[in-house]
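For the sequence shown, the working numbering assigns the number 8 to the initial residue and increments by one for each residue that follows. All C-beta atoms, glycine included, are put in the ideal place defined by N, C-alpha and C. Please read these numbers as outputs of a predicted model, since none were measured by experiment.
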Amino acid sequence: MKSITKKFSLLLLLSVTLFFSSCLDSDGESYIGNQEFSYITQTQLGRSYARTAAGKLITSDRINLLAPGTVALLTYQIDENTETIKVDEYTSIYKVVLGAEPVILDQEALKLTSAPEEEEGEEPFYFESVIAPPTWLTMSSEFFGDRWPFSFQYKAKKGEEVKISFYKVPDDEVPANINADILIDIRLTSTSTPEASAPEELRNDAMIANLSALRHLSQDIDNDEPRQLRVKFRFHRSDNIGRLHISDTPIMLTVK
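What follows is the structure in structure tokens.
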């Protein structure tokens, strides 16, 4: 994984503050967003804009070049002189000047297949820890395109690169009595050969899980009422050798 994700590891600590408070100036009419978690989507006329962690809708000439579905950290300012673009009767988008180049975050789409089994004699990669996305984001999951940020720790040898993947466990393979409607396997796999005799080192990394497929799979054309799905995650953890660990508390995903 690229070093760009290291910046993102701090995001999980910063975003809660960004979401619940604004950086207002003395007259209370200016907002500054500093590397805010943002999801890129598009108007019906094809203009790209961002939904930010502060709940702002913003665009710029640079944002307009980003593909819908992109997740980025954006730095921007809104004040009383900021131009707005009216989208419809209820929605306007701020046209801002970015204070820095967007930081594009890596994503991994949910695979709708079972996680591959380890070959005989092959040891799985163990997570030291997995930190699930913050509640404020998952409660607004659709607003952010069902992109969920995870940060995690693992041990690897020098020169060894790893890949993180997400797999939806088939419904008939979900263990009973786990208090979940959906179970997702998270796996680490090595994608390169480490240096000979290299010792293991502790690494911190992060990844955006694109879970939008869950929304499409769970749509009920005969029922428009919102439903809450309980989502849990299963992975190999270093303090639970020989058994797969299932997250204790489900994350609620609201779908229609």
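As the crow flies, the alpha-carbon of R250 is around 14 Å from that of R194. In this structure T66 touches A57 by the C-beta definition: roughly 7 Å separates them, less than 8 Å. Runs of the alpha helix (DSSP H) spanning 4 or more residues and lying entirely within the segment 113 to 149 occur at 142 to 145, in chain order. Taking every protein chain shown into account, the CB of P156 has 16 or more other CB atoms within 10 angstroms, so this residue is buried. Proximity of the segment 211 to 218 to the segment 152 to 168 meets the contact definition, three or more beta-carbon pairs being nearer than 8 Å.
Non-local C-beta neighbours of E125 in its own chain, meaning closer than 6 Å and more than five positions away in sequence, comprise P131, ordered along the chain. In this structure, I171 lies away from E129, with their beta-carbon atoms at least 8 Å apart. Here A79 has S45, I47, A57, L73, P109, V110, I111 and L112 as same chain residues with Cβ atoms under 8 Å from its own Cβ, once five neighbours each way along the sequence are excluded. Collapsing the DSSP output to three states places E232 in coil. Here the segment 171 to 191 makes contact with the segment 227 to 244; the two share three or more CB pairs at distances below 8 Å. Judged by DSSP in its simplified three-state form, L251 adopts strand.
Taking 8 Å as the cut-off, the Cβ atoms of Q84 and G106 count as close.
Burial state of L260 is buried, judged by a 10 Å Cβ sphere holding 16 or more other Cβ atoms. For A220, the three-state secondary structure derived from DSSP is helix. Distance from the CA of P123 to the CA of M146, rounded to the nearest whole angstrom, comes to 30 Å. In this structure, V176 sits near D192, with a CB-CB distance shorter than 8 Å.
Relative to L117, the option among S148, L221 and G40 whose CA is nearest is L221.
For E43, the enclosing beta strand (DSSP E) has its first and last residue at Y38 to Q49.
Residue pairing by DSSP places P156 opposite I215 in a beta bridge. When DSSP states are grouped into helix, strand and coil, E90 belongs to the strand group. L72 sits in a helix when the DSSP states are folded into three classes. In this structure, K63 is the residue among G76, Q49 and K63 with its C-alpha nearest to the C-alpha of E43.
Between G166 and T200, the alpha-carbon positions lie close to 7 Å from each other.
In the DSSP annotation of this structure, the continuous segment of the beta strand (DSSP E) that includes I65 starts and ends at L64 to T66.
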